[in-house]
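Chains as they are written, first to last, in the numbering used here: chain P, -19 to 439; chain G, 896 to 1330.
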Amino acid sequence: MNEEILKQLRRIVGSENVLSSREDLYAYSLDASRLHKGIPALVVRPHSSEQVAEVVTLANRSKTPLIPRGGGTNLVGAVVPVHEETIVLDLTGMNKIVAINRTDLTCRVEAGVVHSELEKELSKHGLFWPPDPGSSESCTLGGVLAMNAGGMRALKYGTARDWVLGLKVVVPTGKTIKTGSATLKSNVGYDLTRLMVGSEGTLGVITEASLKVCPLPETVLRISAYFESVEAAVLAVGKIFESGLTPLIVELMDRNLIRAVNEWLHCSLPDEEAYLLIDIDGTKEGVDSAAEKLEPVLISSGARHLHRATSKEEMDQLYLIRRESATAIPRITGKTFITHDLCVPLSRLPEAVTRIKELGEKWSIPVAILSHAGDGNIHPMLSVDFTDSEQMKRANRFKEELGWMALDLGGTISGEHGIGIDKADMMVKECGEETLRIMKSIKKVLDPNNIMNPGKMGV
Amino acid sequence: MVSAVTNDLVKQLHIYCEHCGLCQSVCPVLRESDQVESAGPRGRKTLFLGLAEGDLKPSHSLAEKFYMCATCRACYEKCAAGVDIAELSIVARQDLIRAGVVPGFVKKIASSVMHGVEKGDIFGASKTKANWAIGLNLPNKGETLFFASCMDSSMGYGETLFRLLRKSKSIGLGMLSAGSLLQRVGLNQLFESVLPMRHGFYRSSLLNSVRSLQILGIDVAYMHNEEPCCGIALHTYGLIDEFSIHANKVYEFLKQRGVTRLVTHNPICGAAFKKFYPRYVPKWDIEVKHVTEMIAEKIVEQDLHFACRKTRVAYHDPCFLARYMNVIQEPRIILSRIDGIELVEPDHTKLETWCDGGGGVEMLYPNLCEMIAETRVRELASTGAEKILSCCPVCAMMIRRGIDATGMQIEYADIVDLFYEAATHRKQTLGIQVH
């Protein structure tokens, strides 16, 4: 790294916030994708929007690639450098919850606030922010917004994009812009907020966000249902919506996952082919009435066991089982798992799960099916040996065919994980040449020197 | 040359670790290091892989990243995949020692520890360490042995060393050298004469442990000055081969004395015997109990109840007691049997307890560890308790230091001291003579 740039960076953020030792840099070479690796040239740790703006200005002037990074929990290589001279901008030091407004139903946070910390603070005011990524305890809100993360509650509440009102963003030229408004409604010009959310750090650095929050529901009721096939379970999901109900979450685990959690987490879920975990939120009377309506739907759809959780401990245990189910897989298979992400219309879910299983057989790779079934989002989990290059090649082809299958069913190659490095080559097939050209044009206008997270998202 | 243990760990990390960062959310070192990735467990894992796979060369600065791990195992409890970064850090320390790149200050402390362990006391005070038991007339031999531990019986030295290291690493290390020299020529009694009060706090917990056991009808033996050091510090600093040899020697020594059960007050030594000795001593067959387990078992068995003045207490689970020895309920059982005690739990408790900065690295990174202690004390004090209770000499040192540093209006006491006071009151009312 150029000595003058180093000197300037140290002036801007302080020497202790410019990391340049080999081991400090190496620690930032991975994210939760684990498939991609790249060592940055420097890590810079700003503690204010003003510092971010100065760093970005310097990077733009020197045409140095820059990657904003939060908890490093994304699954697609979005914060892994692809250029040797890259500066990683570690925003975890910007971790203040600036304001929570109970009346306005809003809060304002810095980019480095950890998701679960916000959740904890909001709950003290009887509020919550609906997006709930699985990495809640380690991901930051800047990362959640940049990646447009979802989670189990996305079924009822949507993804991060639906719960952000406005942003403070340092654009690649180093200027700081404000997008949106802290009001619950705003209808002013192009929606740059929604453009920035999900842009994976390619259009600027989100430093602060105004979020829309909502009151915590009075209660949540949790129902477990087991089916003789994954197809039967996902058919039942369609029936739930046809009956007019909108649960909070509808999660699916296949037999591989059921067996894995029973063994690794010492659970005793019934040894069935598929498990649906369903939450209904609302008032006490409301959830009871919804459950009365839901249970017959599940039974008529072929549910073999049906169970309402009766205590907080049991509810917590079931939630934990779902959360940690993926982790249990390698303990059973002795292999690493790679989680993929695709989304199809609910009506095509049965076909999708059948075709995923067929693809597993075609490529001779064991696959478990975990799904936010209520919104058609499927996470096929491939068990692979990272050290076997031939198997990894097959796994890569498997991933591509999963994407094409989703498109074939009218779905998308990513429901919530995003594109990063992992699916950059697949963008054109989903978006089409012209749409991708427009995306690239937007990128060019905002980032003429292509410094912001280059090599990601196919732009 | 990468060891077989390292190779095995690398394989496991590739299979099980998802790099999800859950471990980061509970690491006390990362928290007090402004979230710099390499200071946390996930960063250490990445560095471990880099070192083992040849991307990183052994260096002093790399070694420091592994020596910074407090080995509190909070990350292990958080990790759904069961990845143990504390263990990984110890293995990395061993690999780096073998590569000859351990920082000077670590080497100096490790060397002093090696000398101390050999002499029977990590602070080199084997000739004076049994002073606390004068008057108890405990037999030297017996099936149930009370293992006093040098950390409890000689902690006055540890506390002084910590204070000096915190003020100045060079003064602290100078004191260490001077201390080693004095110990070698047998003048450590000099220290003893100027530090009675600092020893006294820790030694009273030993005294009250034995008295409490006696009140409950449990007779124990004590080896006095012949008690060996368990050698856990060797393990902590990555001197695994030395630890293994030492552990086998200690085992033979204990067997020759006919010991079938060890009772400790110090959970760090307890963890050494319960968790690590079985790994390195193939024949290990000695039962290991923490003193709170023995007390809880007896008071439940005899359905005993005690009383003390009304006190609101917060119990701090020592990492080594909760996460290494798996002793969580017993201290709470004891407290539940004392009328007047109102137990309040901090947010981070039981298996999810927060480290207070002890566990071995406090001598290497005293300022960092003091920050960790301050945060823990603030959390414990936020419960509204008048008193923090725990049962570990290193936690006692760190929490008391944290109280001083934060200026919080809260006291620290050992749970055994509190129990003994309550039990004595009961015995006196029953007309039973107390030793």
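Using N, Cα and C, we set each Cβ at its ideal position, and we do this for glycine too.
Does DSSP put Leu1082 (chain G) in a helix, a strand or coil?
-> Here residue 1082 (chain G) refers to the residue found at position 187 of the second sequence. Because Leu1082 (chain G) sits at a pLDDT of 49, beneath the cut-off of 50, its placement in the model cannot be relied upon, and the following sentence gives the value as read from the coordinates. Residue state, collapsed to three classes: coil.
Please check the pair Val1311 (chain G) and Asn1103 (chain G), which I expect to be a contact at CB under 8 Å, by giving their CB distance rounded to whole angstroms.
-> Position 416 of the second sequence, counted from the start, is the residue given in the question as residue 1311 (chain G). Position 208 of the second sequence, counted from the start, is the residue given in the question as residue 1103 (chain G). Confirmed, about 5 Å.
Roughly how many angstroms lie between the CA atoms of Ile1334 (chain G) and Val347 (chain P), to the nearest whole one?
-> There is simply no residue 1334 (chain G) to check, as chain G begins at 896 and stops at 1330 in what is shown.
Nearest-angstrom Cα distance between Cys915 (chain G) and Asn128 (chain P)?
-> In the second sequence, the residue the question calls residue 915 (chain G) occupies position 20. In the first sequence, the residue the question calls residue 128 (chain P) occupies position 148. In a straight line, the C-alpha of Cys915 (chain G) is about 17 Å away from that of Asn128 (chain P).
Chain P contacts from the stretch 903 to 921 of chain G (Cβ-Cβ distance under 9 Å) = Answer set for the stretch 903 to 921 of chain G: Lys906, His909, Ile910, Tyr911, Cys912, Glu913, His914, Cys915, Gly916, Leu917, Cys918, Gln919, Ser920, Val921.
Measuring only between beta-carbons, confirm whether Lys1197 (chain G) sits less than 8 Å from chain P.
-> The residue labelled residue 1197 (chain G) in the question sits at position 302 within the second sequence. Note that residue 1197 (chain G) is Gln in the sequence shown, not Lys. Interface criterion not met: the Cβ of Gln1197 (chain G) is under 8 Å from no Cβ in chain P.
Report yes or no: is there a C-beta of chain P within less than 8 Å of the C-beta of Glu1248 (chain G)?
-> Mapped onto the second sequence, residue 1248 (chain G) falls at position 353. One detail in the question is off: residue 1248 (chain G) reads as Thr in this sequence, not Glu. Chain P, which has no Cβ nearer than 8 Å to the Cβ of Thr1248 (chain G), makes this no.
Unbroken beta strand (DSSP E) run spanning Leu147 (chain P), endpoints = As a first step, residue 147 (chain P) must be located in the first sequence, where it is residue number 167. It spans 144 to 150 - the beta strand (DSSP E) in which Leu147 (chain P) sits, taken as one unbroken run.
Under the three-state DSSP convention, the category Asn(-3) (chain P) falls into | As a working mapping, residue -3 (chain P) is identified with position 17 in the first sequence. Looking at Asn(-3) (chain P) - three-state DSSP - the assignment turns out to be helix.
Of the listed residues G:Ile1283, G:Lys1170, G:Asn1221, G:Glu1188, nearest to Asp1251 (chain G) (C-alpha basis) = Locating residue 1251 (chain G) in the second sequence gives position 356, where the first residue counts as 1. The shortest Cα separation from Asp1251 (chain G) among G:Ile1283, G:Lys1170, G:Asn1221, G:Glu1188 belongs to G:Ile1283.
With a cut-off of 8 Å, does the C-beta of Asp112 (chain P) fall near any C-beta of chain G?
-> Residue numbering aside, residue 112 (chain P) sits at position 132 when the first sequence is read from its first letter. So no, Asp112 (chain P) is outside the interface.
Give a yes or no on whether the minimum CB-CB distance between Leu1082 (chain G) and chain P is below 8 Å.
-> Sequence index remark: in the second sequence, residue 1082 (chain G) carries index 187 (1-based). Confidence is the limiting factor: at Leu1082 (chain G) the pLDDT is only 49, short of 50, which leaves the residue's position unreliable and the question unanswerable from this model.
Validate contact between the stretch 205 to 213 of chain P and the stretch 249 to 265 of chain P using beta carbons, cut 8 Å, 3 pairs | At 8 Å Cβ cutoff, the stretches touch.
Measure from the alpha carbon of Leu274 (chain P) to the alpha carbon of each residue in P:Phe378, P:Glu222, P:Asp427, then state which is nearest.
-> Along the first sequence, read from residue 1 onward, the residue named residue 274 (chain P) stands at position 294. That would be P:Glu222, whose Cα lies nearest to the Cα of Leu274 (chain P).
Can you tell me where the alpha helix (DSSP H) with Ile1194 (chain G) in it begins and where it stops?
-> In the second sequence, counting from the first residue as 1, residue 1194 (chain G) sits at position 299. Residues 1186 to 1196.
Distance between Met176 (chain P) and Leu443 (chain P) (C-alpha atoms, nearest Å) = Nothing in the structure corresponds to residue 443 (chain P), since chain P is present only between -19 and 439.
From the beta carbon of Ile344 (chain P), is the nearest beta carbon of chain G less than 8 Å away?
-> For the purposes of this step, residue 344 (chain P) is taken as the residue at position 364 of the first sequence. A small fix is needed here, since residue 344 (chain P) is Ser in this sequence, not Ile. Chain G, which has no Cβ nearer than 8 Å to the Cβ of Ser344 (chain P), makes this no.
Under the DSSP definition of a beta bridge, which residues are partnered with Asp261 (chain P)?
-> As a working note, residue 261 (chain P) is residue 281 in the first sequence. Asp261 (chain P) is bridged to P:Val200.
Would you say Glu972 (chain G) reaches chain P, if we count a Cβ-Cβ gap shorter than 8 Å as a contact?
-> As a working mapping, residue 972 (chain G) is identified with position 77 in the second sequence. Cβ-Cβ to chain P under 8 Å: no for Glu972 (chain G).
From P:Val149, P:Arg49, P:Gly130, P:Lys148, pick the residue whose C-alpha is nearest to that of Asp142 (chain P); which is it?
-> Locating residue 142 (chain P) in the first sequence gives position 162, where the first residue counts as 1. Nearest of P:Val149, P:Arg49, P:Gly130, P:Lys148 to Asp142 (chain P), Cα basis: P:Gly130.
Would you list the residues sitting across from Leu286 (chain P) in a DSSP beta bridge?
-> Position 306 of the first sequence, counted from the first residue, corresponds to residue 286 (chain P). According to DSSP, Leu286 (chain P) bridges with P:Ala205.
Rounded straight-line distance, which links the Cα of Gly340 (chain P) to that of Pro428 (chain P) = For the purposes of this step, residue 428 (chain P) is taken as residue 448 along the first sequence, with counting starting at 1. For the purposes of this step, residue 340 (chain P) is taken as residue 360 along the first sequence, with counting starting at 1. Rounded to the nearest angstrom, the two C-alpha atoms are 43 Å apart.
For a contact meaning CB atoms closer than 7 Å, what does Arg374 (chain P) contact in chain G?
-> Here residue 374 (chain P) refers to the residue found at position 394 of the first sequence. Under the 7 Å cutoff, chain G gives no residues; its nearest Cβ is about 18 Å from Arg374 (chain P).
Is it buried or exposed for Lys43 (chain P), if we count other Cβ within 10 angstroms and need 16 for buried?
-> Taking the first residue of the first sequence as position 1, residue 43 (chain P) is located at position 63. Label assigned to Lys43 (chain P): exposed.
Have a look at G:Met1220, G:Gln1304, G:Val1154 and flag the residue whose alpha-carbon is nearest the alpha-carbon of Cys1286 (chain G).
-> Here residue 1286 (chain G) corresponds to residue number 391 of the second sequence, with the count starting at 1. Nearest C-alpha to Cys1286 (chain G): G:Met1220.
Counting only the same chain and skipping the five closest in sequence on each side, list residues whose C-beta sits under 7 Å from that of Leu278 (chain P).
-> Looking up residue 278 (chain P) in the first sequence gives position 298. Ala205, Ala216, Leu286.
Indicate whether Gly57 (chain P) and Leu196 (chain P) have their beta-carbon atoms separated by less than 8 Å.
-> Indexing the first sequence from 1 puts residue 57 (chain P) at position 77. Indexing the first sequence from 1 puts residue 196 (chain P) at position 216. Not a contact, by the Cβ cut-off of 8 Å.
N-terminal and C-terminal residue of the beta strand (DSSP E) that Asn357 (chain P) is part of | Against the first sequence, residue 357 (chain P) aligns to sequence position 377. DSSP places Asn357 (chain P) in the uninterrupted beta strand (DSSP E) bounded by 357 to 364.
Please determine if the stretch 140 to 157 of chain P and the stretch 95 to 105 of chain P are in contact, where contact requires at least 3 C-beta pairs separated by less than 8 Å.
-> no
Answer with yes or no whether the minimum CB distance from Thr941 (chain G) to chain P is below 8 Å.
-> Stepping through the second sequence from its first residue, residue 941 (chain G) is reached at position 46. Yes - at least one Cβ of chain P is within 8 Å of the one on Thr941 (chain G).
Go to Met1118 (chain G), then tell me how far its beta strand (DSSP E) extends in each direction, as first and last residue.
-> In the second sequence, residue 1118 (chain G) corresponds to position 223, counting from 1. No beta strand (DSSP E) holds Met1118 (chain G); DSSP gives it neither H nor E.
Chain-ordered chain G contacts of Asp4 (chain P) [CB-CB under 8 Å] | Residue 4 (chain P) sits at position 24 when you count from the first residue of the first sequence. Per Cβ cutoff of 8 Å: Val931, Glu932, Ser933.
Taking only beta carbons into account, state which residues of the stretch 939 to 964 of chain G come closer than 7 Å to chain P, listed in chain order.
-> Thr941, Leu942, Gly945, Asp950, Leu951, Ser956, Leu957, Lys960
State buried or exposed for Leu164 (chain P), treating a residue as buried only when at least 16 other CB atoms are found within 10 Å of its CB.
-> Within the first sequence, residue 164 (chain P) is the residue found at index 184, counting from 1. With fewer than 16 other beta carbons inside 10 angstroms of its own, Leu164 (chain P) counts as exposed.
Just tell me which of P:Pro110, P:Asp84, P:Leu85, P:Thr83 has its CA closest to the CA of Asp96 (chain P).
-> One-based indexing of the first sequence puts residue 96 (chain P) at position 116. What sits at residue 96 (chain P) in the sequence shown is Ser, not Asp. Of the residues P:Pro110, P:Asp84, P:Leu85, P:Thr83, the one whose Cα lies closest to the Cα of Ser96 (chain P) is P:Pro110.
Min CB distance Ala899 (chain G) to chain P below 8 Å | Here the question's residue 899 (chain G) lines up with position 4 in the second sequence. Ala899 (chain G) is outside the set of residues whose beta carbon lies under 8 Å from a beta carbon in chain P.
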